[in-house]
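Take any residue in the sequence shown, count from 1 to its spot, add 1424: that is its number in my numbering.
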Amino acid sequence: MANDLANFATQECPIRASSLYWMSRCGMHSALKFLAQFPPDDGGPAAQTGSLTHLAVEAWHKSNQDEDAALRELSAALRKFPLADSGEATKNFAAYAKDPRNKTAKMIAVEKSIEFSIDPADNDHTRKPIFIRGTLDQIREDEEGVYRLYDLKTGSPEGMAMVHDAALQISAYCVGATKLF
1425 MANDLANFAT QECPIRASSL YWMSRCGMHS ALKFLAQFPP DDGGPAAQTG
1475 SLTHLAVEAW HKSNQDEDAA LRELSAALRK FPLADSGEAT KNFAAYAKDP
1525 RNKTAKMIAV EKSIEFSIDP ADNDHTRKPI FIRGTLDQIR EDEEGVYRLY
1575 DLKTGSPEGM AMVHDAALQI SAYCVGATKL F
């Protein structure tokens, strides 16, 4: 079935929360990728290294912080992510596991797939909701019982540039997490 823009961001063809930054910079870029039916972007070396890091972090939390189990999961996934830098992923994971905030965090969800819709803007003549999908890295409960969203970033840019580039993704995840919980 050929894609047409009538299906863009619908329940059948949701957009990825991580693509919102690029949509805000150049909507035509996103539309053309959609129309051309590009396969899902499995990412290059940096993205695959991040995916390996996420797998190790998830395994660490699910195994009651067993670092060996997390590293076994990372090693087992190398075939799935052939472009990944396993040394960098291991280093990222080790830093994460060493951080005392991560050791004592009360996890509500780890690597939780979500799909949700948001209402269209008032000036959107289609009046159709916008469907978004993604993966919440972590939802933690703080000392006051408030749920907090954590999105692990392993690549570049760093600092405020990363905050800027991820702001729409994180905002969408906050909406999705609020609807989920």
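C-beta atoms are modelled at their ideal positions from N, C-alpha and C, and glycine is treated no differently.
Residue i vs residue j beta-carbon contact at 7 angstroms
{"i": "Ala1596", "j": "Ala1441", "result": "yes"}
{"i": "Ala1433", "j": "Phe1555", "result": "yes"}
{"i": "Gln1562", "j": "Tyr1574", "result": "yes"}
{"i": "Ser1541", "j": "Pro1524", "result": "no"}
{"i": "Leu1459", "j": "Asn1427", "result": "yes"}
Supposed contact pair residue j and residue i - C-beta distance, whole angstroms, cut 8 angstroms
{"i": "Gly1558", "j": "Ile1538", "result": "6 angstroms"}
{"i": "Phe1517", "j": "Ala1493", "result": "Actually they are not in contact, since the Cβ atoms of Phe1517 and Ala1493 sit about 12 angstroms apart, beyond 8 angstroms."}
{"i": "Glu1491", "j": "Ala1521", "result": "6 angstroms"}
{"i": "Lys1577", "j": "Ala1591", "result": "Not really, about 12 angstroms apart at Cβ, beyond 8 angstroms."}
Outcome for residue i when other beta-carbon atoms lying within 10 angstroms are tallied against a minimum of 16
{"i": "Leu1429", "result": "exposed"}
{"i": "Ser1443", "result": "buried"}
{"i": "His1588", "result": "exposed"}
{"i": "Ser1475", "result": "buried"}
{"i": "Asn1605", "result": "Looking at the sequence provided, one finds Phe at residue 1605 rather than Asn. Exposed, by the Cβ-count rule."}
{"i": "Glu1436", "result": "exposed"}
{"i": "Met1425", "result": "In this prediction, Met1425 has a pLDDT of 47, which is less than 50 and means its spatial position is unreliable; nothing more can be read from the coordinates."}
{"i": "Thr1550", "result": "exposed"}
{"i": "Asn1547", "result": "exposed"}
{"i": "Ala1601", "result": "buried"}
{"i": "Ala1545", "result": "exposed"}
{"i": "Ala1513", "result": "buried"}
{"i": "Asn1488", "result": "exposed"}
{"i": "Glu1497", "result": "buried"}
Member of the options whose CA lies at the smallest distance from the CA of residue i
{"i": "Val1570", "options": "Ala1470, Gly1474, Ala1471 and Ile1532", "result": "Ile1532"}
{"i": "Leu1507", "options": "Lys1603, Gln1472 and Leu1573", "result": "Gln1472"}
{"i": "Cys1598", "options": "Ala1585, Arg1572 and Ser1580", "result": "Arg1572"}
{"i": "Ala1529", "options": "Trp1484, Ala1513 and Ile1542", "result": "Trp1484"}
{"i": "Glu1535", "options": "Asp1509, Ala1519, Ala1585 and His1478", "result": "His1478"}
{"i": "Leu1560", "options": "Gly1579, Gly1583 and Lys1603", "result": "Lys1603"}
Legend entry - the region 1496-1511 in contact with the region 1564-1580 per 3-pair CB rule at 8 angstroms: no
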